[in-house]
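*Asks:* Quick mapping for you: the protein sequence lines, in order, are chains A and B. Residue numbers for the first sequence follow our numbering, so the first one is 208 and each next one is one higher. Residue numbers for the second sequence follow our numbering, so the first one is 130 and each next one is one higher. Ideal Cβ placement from N, Cα and C applies to all residues, glycine included. Since the structure is predicted, the reported quantities are computational estimates derived from the model, not experimental observations.
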Amino acid sequence: MEDEFEGTFDTEGVIKKFMFVNRKAPYGTIYALESLETVLISAAFEQDTSVAFVDDGVYQLKKGQDTTGINMKNFSPTYRALEGYDVEKLYVEKESLEARGLTEDDLVVDVEVLSAEELSELMDEQDVVLSA
Amino acid sequence: MAYQIEGKTIEHDEEGYITNINEWTSDLAGIIAKDEGIDMTDEHWEVVNFLRDYYNEYQIAPAVRVLVKAIKKKFGPEKGSNKYLYELFPYGPAKQACKIAGLPKPTGCV
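(1) Per DSSP, which residues does I139/B bridge with? Please list them.
(2) Run through DSSP, which three-state label would T245/A get?
(3) For M226/A, which of helix, strand or coil comes out of DSSP?
(4) Could you give the residue range of the alpha helix (DSSP H) that holds E162/B?
(5) With a threshold of 7 Å on Cβ separation, who are the neighbours of T285/A within its own chain once the five nearest residues in sequence on each side are excluded?
(6) Within 10 angstroms of its Cβ, does S322/A collect 16 or more other Cβ (buried), or is it exposed?
(7) Mapping the DSSP letters down to three states, classify K228/B as helix, strand or coil.
(8) Is Y215/B close to chain A, meaning its C-beta is less than 9 Å from at least one C-beta of that chain?
(9) Just confirm the distance between the C-beta atoms of V228/A and L314/A, as a whole number of angstroms; I'd bet it's less than 8 Å.
(10) Check distances from the C-beta atoms of the segment 287-305 of chain A to those of chain B and list, in chain order, the residues that come in under 8 Å.
(11) Quick check on E209/A: buried or exposed, where buried means 16 or more other Cβ atoms within 10 Å of its Cβ?
(12) Out of curiosity, what's the CA-to-CA distance linking L214/B and Y184/B?
(13) What does P206/B touch in chain A if you count any residue whose Cβ is under 9 Å from its own?
(14) Which residues in the same chain as A232/A place their Cβ atom closer than 6 Å to its Cβ, once the five residues preceding and following it in sequence are excluded?
(15) Take every Cβ of the segment 145-165 of chain B, pair it with every Cβ of the segment 290-297 of chain A, and state whether three or more of those distances are shorter than 8 Å.
(16) Is there a Cβ of chain A sitting closer than 9 Å to that of Y132/B, yes or no?
(17) How would you label R307/A, buried or exposed, when you count the other beta carbons within 10 angstroms and need 16 or more for buried?
(18) Does any CB atom of chain B fall closer than 9 Å to the CB of P233/A?
(19) Please confirm if K198/B has its CB atom under 9 Å from at least one CB of chain A.
(20) In its own chain, which residues sit with a C-beta less than 8 Å from the C-beta of I134/B, not counting the 5 before and 5 after it?
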């Protein structure tokens, strides 16, 4: 019985592929900020983490955000801290970017731009996909 | 709950982190440090100032693992170690130094 227990709970060294998918604009709802905080916290567990930005989620990475008028903290600089947390796989969906007239140069961090098809293949490879 | 400094009242939460980061001054840092039982040396200031710069740049207080790595990058391996930083801030370099620096509790610390 004891042996069985040890086997069940021995998860040390197990690394899963986590993808956080951001689909919403940065302000107006709490989703973007909560998702970012979840990514930062999960980074402590040394998993294979990636973050994707799709639909209005691409606005989260837009340069030149000014939140003085809405009385909220501009948290876009925090995306640049992800590298220090060893979260280096950032993906942006090409179609979402183009539909909003944006290019990679408009973003606060270096990202890999993938087509919807490439991104969906990548999602298929994940153990866990969390969408916000 | 509040710190008193030169007739001014500066609010803090139940753990001693100040509520409004814009109210921070270096004199206040000295008072918080005293409450924490820390005598501020140049080495303590180096870490506190580093944290304030980090916060200005990224708008978060770093987790301890990230802090150690960033200090190592800037000041070299001797200072960028858990041992060195825990000697300066025995109750946790991120938690304690952030409190003295007037920053929020680091993201990811419970």
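*Replies:* Taking the coordinates as given:
(1) As a working mapping, residue 139/B is identified with position 10 in the second sequence. In DSSP, I139/B forms a bridge with Y132/B.
(2) By one-based count along the first sequence, residue 245/A stands at place 38. Helix at T245/A.
(3) On the first sequence, position 19 is the one that residue 226/A refers to. It is a strand residue.
(4) Indexing the second sequence from 1 puts residue 162/B at position 33. For the sequence presented, residue 162/B should be read as Ala rather than Glu. Looking at the DSSP string, the run of the alpha helix (DSSP H) that includes A162/B is 155-164.
(5) The residue you call residue 285/A lines up with position 78 of the first sequence. So the qualifying residues of the chain are L243.
(6) Within the first sequence, numbered from 1, the residue matching residue 322/A stands at position 115. Exposed is the call here.
(7) The sequence position of residue 228/B within the second sequence is 99, counting from 1. K228/B falls in the helix class under three-state DSSP.
(8) Taking the first residue of the second sequence as 1, we reach residue 215/B at position 86. It does not; no Cβ of chain A falls within 9 Å.
(9) Counting from 1 along the first sequence, the entry for residue 228/A is found at position 21. Counting from 1 along the first sequence, the entry for residue 314/A is found at position 107. With a Cβ gap of about 17 Å, V228/A and L314/A do not count as contacting.
(10) R287, A288, G291, Y292
(11) The sequence position of residue 209/A within the first sequence is 2, counting from 1. With a pLDDT of 43 at E209/A, under the threshold of 50, the modelled position of that residue is not reliable, and the figure given next carries that caveat. By the 10 Å Cβ count, E209/A comes out exposed.
(12) As a first step, residue 214/B must be located in the second sequence, where it is residue number 85. As a first step, residue 184/B must be located in the second sequence, where it is residue number 55. So the alpha carbons of these two residues sit roughly 18 Å apart.
(13) On the second sequence, position 77 is the one that residue 206/B refers to. Those within 9 Å of P206/B in chain A number zero; the least Cβ separation is about 17 Å.
(14) Reading the first sequence from its first residue, position 25 is the one you call residue 232/A. Result list for A232/A: D263, Y266, in chain order.
(15) no
(16) Start at 1 with the first residue of the second sequence, and residue 132/B comes out as number 3. Answer no: the Cβ-Cβ gap between Y132/B and chain A never drops below 9 Å.
(17) Within the first sequence, numbered from 1, the residue matching residue 307/A stands at position 100. Answer is exposed; the Cβ neighbour count stays below 16.
(18) The residue you call residue 233/A lines up with position 26 of the first sequence. Answer no: the Cβ-Cβ gap between P233/A and chain B never drops below 9 Å.
(19) On the second sequence, position 69 is the one that residue 198/B refers to. Chain A contact via Cβ: present.
(20) In the second sequence, residue 134/B corresponds to position 5, counting from 1. Correct list, in chain order: T154, D156, L157, I160.
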